[in-house]
Every structure is written in C-alpha cells, then in structure tokens.
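Reading through the structure tokens given below for one structure.
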C-alpha cells in the first residue's frame, strides 16, 4: 500500500488548535452563562411587569397636565415593604410654571415636619417667602422622608434634577447612625464599605434584585422579621459606645454623600442651602448609656453608690452636694451619657449655664441610642458646605441659630416636641434662618420684611384645634420606649399635659370652633388649592359635626391629589358616619384599587359590615386589616366590638386586652373592657382598669362614674364619693353620677347632702321611683336622729 501523504506543519497545528479553541469557547460560555441567565431573567421580569419603580418621582397626568407624583414604593429599596416609609403625597408640574420659584427640601423626618408635616419648616418657608415677595410664586416641594439618611437622600437628590428647581434645602444628620447602612441600623448590614452600599442599592433597581429581595423577605417571614413599623422602639438593642470604631465609617460615608449631593445640585443648576441640624439638649435625657469597656466590678460599685447618693441629694434640691457625688462618679467613667446629663441638670439648677450647656451637649453626643445628630456630623456639614460657598452653596448654621433662640443658648422644649422634631416656634425659627439666604439671592440689594410668628401660623391655619391634635400625638409617642426609659420622662409627660390642658378649653364647640373655622377660611382665601390646608380644614369640620362640609373639603383634596388614597379613605369614613354605607364601601374599594395593601381600607369595610350586622364578614375584614398591620390597636378594638355584639364576652375581652397591649393609652378599649368586667361581676379587676384609664384620661367622666361604682361595690364608699363628685365637676348635668353620689352619701350616713342631691335629681327627673324611695328613706333616717359620722 502506498504510504499516506504527510501533513504540513501548518495543517497539523490547525488541527491541534481546534480542540483548544473549542475548550476555550466552552469555558467562555460557562463563565458567561450566569450573566446570560441573569440578563434573560431580567428581560422576562421586565416583560411581565414584575417589580416596582425605584425613582422618587413618577410621571402622571392630573387634570390634563403632565406632572410628577411621589412614588409610594420608593422606600422599598431601603426597607422591607411592610415597614417602609413613604414620601408625602405631592403633584409637581413637569414644566415649571413661568414666574415660579421652585424650592425642594431634602432630609429626614424633622425636615418633613413630623409629627405634622402641615406645620413643618417647609410650610413656614413658603408663606414667609410668599409674603416677602408678593410678585413671585413660590412652590416648596418636600422630598424629605422618615427614617432615611444620607445614603437615601443622595438618591432622592439625583431624581430631583428633573424638577428644574431654583433652590435645594438640605437638613439632614439625625438618622445617619440608625438609618439604612448606619452603624446602629436595624435595616440590614451595619456600616459596610461604601462601594458595597452603592452596589447593593443599584442591584435593587433591577427586577432581578427585587425578586431576590422578595425571596429573602419570604425566608425571613418565619423568623424574627419586623412585621411593621415600630418607631424608635425597634432600635433598643442597637446601642453604640462613644468610641465604637464603626462611627468613623459613618462619618466618612456622610461626608461622601453630602459632597455628592452638593455636586448633583450644582450640575442641576440649583442653589443649595445646606443647614446644620439642631436637637433638643436640655429637655431630652439620653435614651441609653454604656459604661466604659474596661470598667471593673469594684469601680462600677463605687460609681453606682456615688450616682445614687447624688440623685438623692438632687431630688432634695441640694444640687451643690449632689454635684460632688456626680463628679466622683465622673472621674471613674466619662463615657456614661446619663451621668453627663445629671451633671448638666445640677449645674443648670445652680445657674452655671455655660458649663451646663457643655455637659448637655456631651450627653447628646454620648447617647448610646443615636437618634440625634452629633457634634462631628455638624462639623462635617460646616466644613463641606463652607468650602463650596463660591459654588452657589449657602451654609445656614441652624444649630447655632436655634441655640441663640433658646434660654441660655441651650435648645430644649421651647423649640422641640421631643428629641429632634421641631414644634411651631422651632419650625418658624428654622424657616426664617433658611429664608434669609434665599431672599438675599432673589434680591441682593433689598431688605426683607418677614411675617411675625403668629401671622405665619395663621397663614397655615395652625389653630388651637390643630395644636391640640399634635400634642396628643406626642403624648402617645412619649408613652412608649425608649422615651419611657429616659431620666426625665415624668417631666416630659407633665409638660405635654400642661400644653394639652391649656389648649383644651380653646377647642370646645361653644368657644373654639367658630373662630378657628374663620382662620381656615381666611387662609384658604389666599391658597384655595392648598391640599394640606383643605385636609386639615376637613378634620376641623368633622370635629365640629359638619360632616357634609368635611366631605366637600375631602372631595377637593381628591381632585388635587387623585393618586393618593387618603381623600378616598376619609370620605369613606364620613359617609359611614352619615349612615350611607353603600357610598362608604365604594370609597374603601377605591382605596384598595389605588393601594391593595392599605390596612385602613379593610378596616373601613369591616366597620360597614359591622354596622349592617354582618358580623362574620366584619371579622374577616378586620382580620385582613390585621394581617397587614398586626399591632394596630384600633383593629383589635373593632374586633372586640364585633365579639361583644355577638355576646362572645371572653373573645371580646381578649381583643380589648390585645388592643391595650399595643396602645396602653387606648381609653375606649380600656373603658369597654372595664364595662365587660363589671357585667361579669369582676369589680376588683374593673377598678384596676378604670384607675389606669383615669391616669391617661383624667377628664373621662363616664369612666370616673364607673370607677366610683366599682369602689362602692368594693365597700370603699368614701373614695367612691370623691369619684362621683369629680364626675360632676366634669359633667354637672350627669344625672346618673348625681344619683350614685347620693347613694354613696347615704352609705356614709351623710343624710343632708344625700337628700340635697336626691332632690336635685328629682327636680330634673320627677317621678323616678328609685330616687323617690331613697329620698323618703333618707328623710326618715334623718328624722330618727341617725346623724352622719363626724368628719
């Protein structure tokens, strides 16, 4: 056979290369496969419409014009959906109207205006500037949110570029430690590296990232995941020592994010007003304290003894002697925030105000639960903003401005409701400080005349009625941890109660509501399309009993903010109160069309079903509401009412107790529980519940009357008499209390006073058989010489 023809070297090499290339191609394919799968999954998810938008502003059309509205799902990128906070409802024209000065506020809850954004500094800022420059139209867009920090604000700022704003106002720093990616956060990893944070936030803009996050949430659902927003109480186990090394990373992140926000504002063509952040030093004791890490047991015992003795002396008013013991403890441990506060209090009492101020500030900085901006964060703000004053950046030092407005330059309750949230006076002072550089930019050579505080308050219709609602909300908050753990908690509650007591007489129907309504009417004459004013006015009218008037206002709000569910929800409640249950149901159903998971809508449907006697369906609706918000006291309360109507007393009592576990100050739940206990003959238990209720609501006349009945049944007639007398002080026409008082006086053989009350009762209710019989008995016993016991 002939020999095969030998291959050339080139051909041989080519044959050898093919398997190598094939292997390389397979390797590349294997390596690229995850990316291809990822891209394919991302494409499929987008195609089927999975996930939620992540921009802060979303396009919409309102009344035929293109607008931007807030994205109520924006917070899902940073928090689990069940506890995510949402922006304030807003509608912003995509094309800024001619002659409009547009101002955007960026920040956290204090910038938003919590506890009532209707009276935040942004609202004051708008009326101050509008009055100072009547030839211009000012539009203040509040893009602040609760619980966020600079990592989130940086992304909101990037989305604000599309607004074509003239000014940005930045007021941030309180949540830097406890917000997302802070060193004390409960929302995921604590203080990771900045590139990792940025990568994670980008990943969550992808539909694949949102799917992965949803799967993780499902895995956590069976464990100790946060079911719903729990306020500051969520952070109790996340204490930080003053020297925690993670704080240095927090400061670097803050500086980085602040720099990025200012650069974004510059590129957007906006002038940026950057403010330091003020906090309550004097009237907000530290929330938690930690000892120095190397403290021995012997040192701790000496420290405790010294502080205990100092506290005893301070309570007795011997502040100089108390200070000596506090200083002894201070030499052992200079890291303890509460001790710093005790020293500050003693020095303040001794009128050593300058030194006291320093200790109050140190107490704030060393607080182990960092809900307030600290000195270092404000220093970073001053340095970063101060270095860019030639780049259309204006620094407002609100910390110093508000300190100067406070007694002895120490900010406290005169300006703040709690630790960081400004009251009416505080918000006005901050707005004035921020308005100054804006006015100077608009009229460099002019002098600006500002509205006085009361005038600005009237423009916002911040009436006594509205102030009372805010103070009641603050009292509710202060009754929960960590406020209840503060050294000065009793004094805080006393202060709030004084504000409530002063406002209450001004808000009665006979004295307060007509003039308050006129304040609203005057404010709305100037700003007829102010949805916030209209919503507040609706609540005032509802309180006055003008339900139809309230409905009209909510209809106007719905026209201005058609994408927001609140107008629909409150209209549903009003129609229900008017007995128009079908109309009410329509509105609640529309709420669920806008937001399928709004718990209040399910609760509203349950109320309608309860009114119609469909108790089983009502229970199912309340359960759906509780599935979405399991710790809502009102939902448990409504379930209790259904059980009570179905004569399921045990179940009703259990639901009332659940409501009280969520909200101990829920007076209606406690009152109804006490009534059920009375019906069951459990007088001692009822007496305890009523006593607790009256601590929260001392003017609850019906509860006080029932408390007297319980005391009478428990054979404590002298105490019962006092309760009935107090009931009559609150309600002089309470016939039942007068009759009960007479019976208690008869038990004590105080015939003359008992007869006088029985005669007064019969004058109003002639022919009442039991009262006539008791009167006859009392007169006979008095005639027989049965004298009352000596006092």
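Numbering (our numbering), first residue to last: 1 to 791.
For each residue, glycine too, the CB sits at the ideal point set by N, CA and C.
Pairwise C-alpha distance: residue j and residue i
{"i": "residue 564", "j": "residue 610", "result": "26 angstroms"}
{"i": "residue 324", "j": "residue 481", "result": "31 angstroms"}
{"i": "residue 218", "j": "residue 628", "result": "15 angstroms"}
{"i": "residue 771", "j": "residue 472", "result": "40 angstroms"}
{"i": "residue 615", "j": "residue 637", "result": "14 angstroms"}
{"i": "residue 758", "j": "residue 338", "result": "57 angstroms"}
{"i": "residue 493", "j": "residue 777", "result": "47 angstroms"}
{"i": "residue 85", "j": "residue 740", "result": "50 angstroms"}
{"i": "residue 694", "j": "residue 716", "result": "18 angstroms"}
{"i": "residue 19", "j": "residue 35", "result": "25 angstroms"}
{"i": "residue 406", "j": "residue 327", "result": "27 angstroms"}
{"i": "residue 168", "j": "residue 436", "result": "14 angstroms"}
{"i": "residue 574", "j": "residue 470", "result": "22 angstroms"}
{"i": "residue 205", "j": "residue 75", "result": "12 angstroms"}
{"i": "residue 313", "j": "residue 466", "result": "41 angstroms"}
Of the residues the options, the one placed nearest residue i, counting alpha carbons only
{"i": "residue 341", "options": "487, 267, 453", "result": "487"}
{"i": "residue 240", "options": "165, 109, 291", "result": "291"}
{"i": "residue 202", "options": "248, 190, 152", "result": "152"}
{"i": "residue 274", "options": "284, 282, 263", "result": "263"}
{"i": "residue 105", "options": "334, 141, 194, 705", "result": "141"}
{"i": "residue 382", "options": "173, 614, 120", "result": "173"}
{"i": "residue 190", "options": "234, 238, 209, 162", "result": "238"}
{"i": "residue 116", "options": "590, 461, 623", "result": "461"}
{"i": "residue 57", "options": "662, 65, 49, 69", "result": "69"}
{"i": "residue 271", "options": "150, 158, 391, 181", "result": "391"}
{"i": "residue 333", "options": "300, 320, 313, 319", "result": "300"}
{"i": "residue 162", "options": "93, 138, 211, 185", "result": "93"}
{"i": "residue 584", "options": "594, 593, 607, 598", "result": "607"}
{"i": "residue 111", "options": "127, 538, 148", "result": "148"}
{"i": "residue 129", "options": "640, 431, 575", "result": "431"}
{"i": "residue 578", "options": "547, 596, 561", "result": "547"}
{"i": "residue 661", "options": "634, 675, 682", "result": "634"}
{"i": "residue 412", "options": "216, 122, 467, 364", "result": "364"}
{"i": "residue 188", "options": "604, 235, 328", "result": "235"}
{"i": "residue 195", "options": "319, 543, 257", "result": "257"}
{"i": "residue 330", "options": "785, 302, 243, 535", "result": "302"}
{"i": "residue 398", "options": "376, 408, 427", "result": "427"}
{"i": "residue 651", "options": "665, 676, 72", "result": "676"}
Residue i in three-state terms, based on DSSP
{"i": "residue 101", "result": "strand"}
{"i": "residue 19", "result": "helix"}
{"i": "residue 138", "result": "strand"}
{"i": "residue 376", "result": "helix"}
{"i": "residue 155", "result": "helix"}
{"i": "residue 68", "result": "strand"}
{"i": "residue 482", "result": "coil"}
{"i": "residue 93", "result": "strand"}
{"i": "residue 721", "result": "helix"}
{"i": "residue 545", "result": "coil"}
{"i": "residue 53", "result": "coil"}
{"i": "residue 79", "result": "coil"}
{"i": "residue 173", "result": "coil"}
{"i": "residue 519", "result": "helix"}
{"i": "residue 62", "result": "strand"}
{"i": "residue 74", "result": "helix"}
Beta-carbon proximity check, residue i vs residue j, cutoff 8 angstroms
{"i": "residue 553", "j": "residue 541", "result": "yes"}
{"i": "residue 705", "j": "residue 685", "result": "no"}
{"i": "residue 420", "j": "residue 279", "result": "yes"}
{"i": "residue 183", "j": "residue 146", "result": "no"}
{"i": "residue 170", "j": "residue 261", "result": "yes"}
{"i": "residue 748", "j": "residue 718", "result": "yes"}
{"i": "residue 136", "j": "residue 101", "result": "yes"}
{"i": "residue 599", "j": "residue 588", "result": "no"}
{"i": "residue 532", "j": "residue 118", "result": "yes"}
{"i": "residue 707", "j": "residue 690", "result": "yes"}
Residue i: CB within 7 angstroms of a non-hydrogen atom of the ligand MG
{"i": "residue 591", "result": "As far as ligands go, the structure on display features none, and thus does not contain the ligand MG."}
| said: Just to confirm the assignment: which complete alpha helix (DSSP H) runs, minimum length 4, are found wholly within the region 267-325? | reply: The region 267-325 contains these whole alpha helix (DSSP H) runs: 297-315.
| Those runs of the alpha helix (DSSP H) which lie wholly inside the region 181-225 and span at least 4 residues | Annotation note: the region 181-225 contains the following uninterrupted alpha helix (DSSP H) runs of length 4 or greater, listed N- to C-terminal: 194-203, 207-221.
| task | Could you pull out every unbroken alpha helix (DSSP H) segment of at least 4 residues lying fully inside the region 340-420, listed in chain order? | result | With a minimum length of 4 residues, the continuous alpha helix (DSSP H) runs that stay inside the region 340-420 are 353-366, 375-386, 398-404.
| Entirely enclosed alpha helix (DSSP H) segments - the region 564-640, minimum 4 residues | List check, alpha helix (DSSP H) in window: 566-577, 581-594, 599-611, 615-628.
| Which whole runs of the alpha helix (DSSP H) in the region 433-494 are 4 residues long or more, in chain order? | 453-459, 464-478, all fully within the region 433-494.
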